[in-house]
Amino acid sequence: MGELKGNIGSVFLTLGPSGTNHEMVTQNYLSFRGFHDASVKLIDDFLVGLSMMAAGQADYMIQVAVHPDCADVVATAHFKYDIHVVDTFISPSKELGILTRRDVHNPQSIALQPATRKYADLDRWEKLVPVNSIMRIAEGLLEGKYDSGLTTLEIAEKHPGILRVDAYIGTVDDPWVVYGKRRVTAGNLVACPLCQEFVDSFLDRAR
-17 MGELKGNIGS VFLTLGPSGT NHEMVTQNYL SFRGFHDASV KLIDDFLVGL SMMAAGQADY
43 MIQVAVHPDC ADVVATAHFK YDIHVVDTFI SPSKELGILT RRDVHNPQSI ALQPATRKYA
103 DLDRWEKLVP VNSIMRIAEG LLEGKYDSGL TTLEIAEKHP GILRVDAYIG TVDDPWVVYG
163 KRRVTAGNLV ACPLCQEFVD SFLDRAR
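Using the working numbering, the letters of the sequence shown map in sequence onto residues -17 to 189.
See below:
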């Protein structure tokens, strides 16, 4: 995937606001790849991000593949903007949990990013409120918009007098997609070398 090499000062877009899994994972990806001169811009909409790339305002965009809009973004990128998937990787999320406001004893509403819908049993809540970012959920909890929210545990640690942890979820290993302007395939499969952990687990099954 040579298209990613040598891009000094490249701009990477990903989902905001500050504190999201997307921001953390993007920063970790840039460090892993050695892109120390790259910068990150936070956006609220991946389709807007594609238009920014097409207009020359950014070079790449990173999106978790389980995001509910991912299929539409991949198709729109390819057919409308000539933007393509140029890299993929796996990364754990932040520590997640279900947080509830301490002044609410019988929570009725819970905010969640739609991609996290199956992370926990939510039957006890009467109203599920879709929100596009786990940090927007945290903001809404602190503002009293929701009774509960599926977001990062660090929010409860920062505001122990306001929020309690009703359920611990932990980290989730997600697939991630990197979009760029130059197509990396030429009619052939493109994949990274096997990681040793996968090789070891494969060999263990074969024994």
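Ideal Cβ placement from N, Cα and C applies to all residues, glycine included.
Small disclaimer: the values here were computed from a predicted structure and weren't measured.
Run the CB neighbour count on leucine 123, radius 10 Å, all protein chains shown included, and call it buried at 16 or more, exposed below. The residue labelled residue 123 in the question sits at position 141 within the sequence shown. Buried.
With 16 as the cutoff for other CB atoms within 10 Å, does phenylalanine 17 come out buried or exposed? Position 35 of the sequence shown, counted from the start, is the residue given in the question as residue 17. Buried, by the Cβ-count rule.
Let's test the definition: count the other Cβ atoms within 10 Å of the Cβ of alanine 173 and tell me whether it reaches 16, buried, or not, exposed. Along the sequence shown, one-based indexing puts residue 173 at 191. Classification of alanine 173: exposed, given that the 10 Å Cβ count is below 16.
Spatially closest choice to threonine 58 from Asp41, Ala36 and Pro157, by CA coordinates: On the sequence shown, position 76 is the one that residue 58 refers to. Of Asp41, Ala36 and Pro157, the smallest CA-CA separation from threonine 58 is found for Ala36.
So proline 157 packs on threonine 98, CB below 8 Å; how close in whole Å? Working through the sequence shown from its first residue, we reach residue 157 at position 175. Working through the sequence shown from its first residue, we reach residue 98 at position 116. About 15 Å; that fails the 8 Å criterion.
With three or more C-beta pairs closer than 8 Å as the rule, is the region 76 to 89 touching the region 125 to 138? They touch, by the three-pair rule.
Only counting the same chain, and skipping five residues up and downstream in sequence, which positions put a Cβ closer than 6 Å to that of aspartate 41? Taking the first residue of the sequence shown as position 1, residue 41 is located at position 59. Once the five neighbours on either side are set aside, the close Cβ partners of aspartate 41 are Ser(-8) and Val(-7).
As assigned by DSSP and simplified to three states, the class of threonine 193: One cannot answer for residue 193 here, as it falls past the ends of the chain, which runs -17 to 189.
Contacting residues, own chain, Cβ-Cβ under 7 Å from threonine 167 (five flanking each side not counted): Residue mapping note: residue 167 aligns to position 185 of the sequence shown, counting from 1. Taken in chain order, the list of residues that qualify is empty.
Between the region 92 to 112 and the region 7 to 15, do at least 3 Cβ pairs fall closer than 8 Å? no
When the Cβ atoms of the region 144 to 151 are set against those of the region 13 to 32, are three or more pairs found closer than 8 Å? no
Taking all protein chains shown into account, decide if lysine 140 is buried (16 or more other Cβ within 10 angstroms of its Cβ) or exposed. Sequence index remark: in the sequence shown, residue 140 carries index 158 (1-based). With fewer than 16 Cβ atoms within 10 Å of its Cβ, lysine 140 is classed as exposed.
Going straight from the alpha carbon of alanine 93 to that of isoleucine 137, what length do you get? Mapped onto the sequence shown, residue 93 falls at position 111. Mapped onto the sequence shown, residue 137 falls at position 155. The alpha-carbon separation between alanine 93 and isoleucine 137 amounts to approximately 14 Å.
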